[in-house]
Amino acid sequence: MWYALVGTGLHYVTDLMAEATGTKPSDVETARLALDALGFPIVCWAWGDLLTTGHPGHRIRR
Numbered sequence: 005m006w007y008a009l010v011g012t013g014l015h016y017v018t019d020l021m022a023e024a025t026g027t028k029p030s031d032v033e034t035a036r037l038a039l040d041a042l043g044f045p046i047v048c049w050a051w052g053d054l055l056t057t058g059h060p061g062h063r064i065r066r
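Structure (structure tokens):
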């Protein structure tokens, strides 16, 4: 789960982008990278297998 820190609150990256732009981003990676490029602190909430293997929908594809 990727979140951006805005003020004192954490906001899920796709929800934050949708609220700010009026359009839901195509995926979590797009939202996360856009917010990171804008300078927002980005954090990930993970546990168990998410720490070792990650979520397949959240990995950067090259």
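Position in the sequence shown (from 1) plus 4 gives the number in the working numbering.
Ideal Cβ placement from N, Cα and C applies to all residues, glycine included.
These numbers were taken from a predicted model, which means no experiment stands behind them.
Worksheet item: What do you get for Trp-6, buried or exposed, if any count of 16 or more other CB atoms within 10 angstroms of its CB means buried?
Response: Here residue 6 is taken as the residue at index 2 of the sequence shown, counted from 1. Answer is buried; the Cβ neighbour count reaches 16.
Practice prompt. Taking Ala-22 as part of the alpha helix (DSSP H), name the residues at either end of that continuous run.
Written response: Along the sequence shown, read from residue 1 onward, the residue named residue 22 stands at position 18. Counting along the chain, the alpha helix (DSSP H) containing Ala-22 begins and ends at 17-25.
Worksheet item: What are the boundary residues of the alpha helix (DSSP H) that includes Leu-3?
Response: Absent from the structure is residue 3, since the part of the chain shown begins at 5 and ends at 66.
Practice prompt. Below 7 Å CB to CB, which residues in the same chain sit around Arg-36 once its five sequence neighbours on both sides are set aside?
Written response: Translated into positions along the sequence shown, residue 36 becomes position 32. Excluding positions up to five away in sequence, the list reads Trp-6, Val-17, Ile-46.
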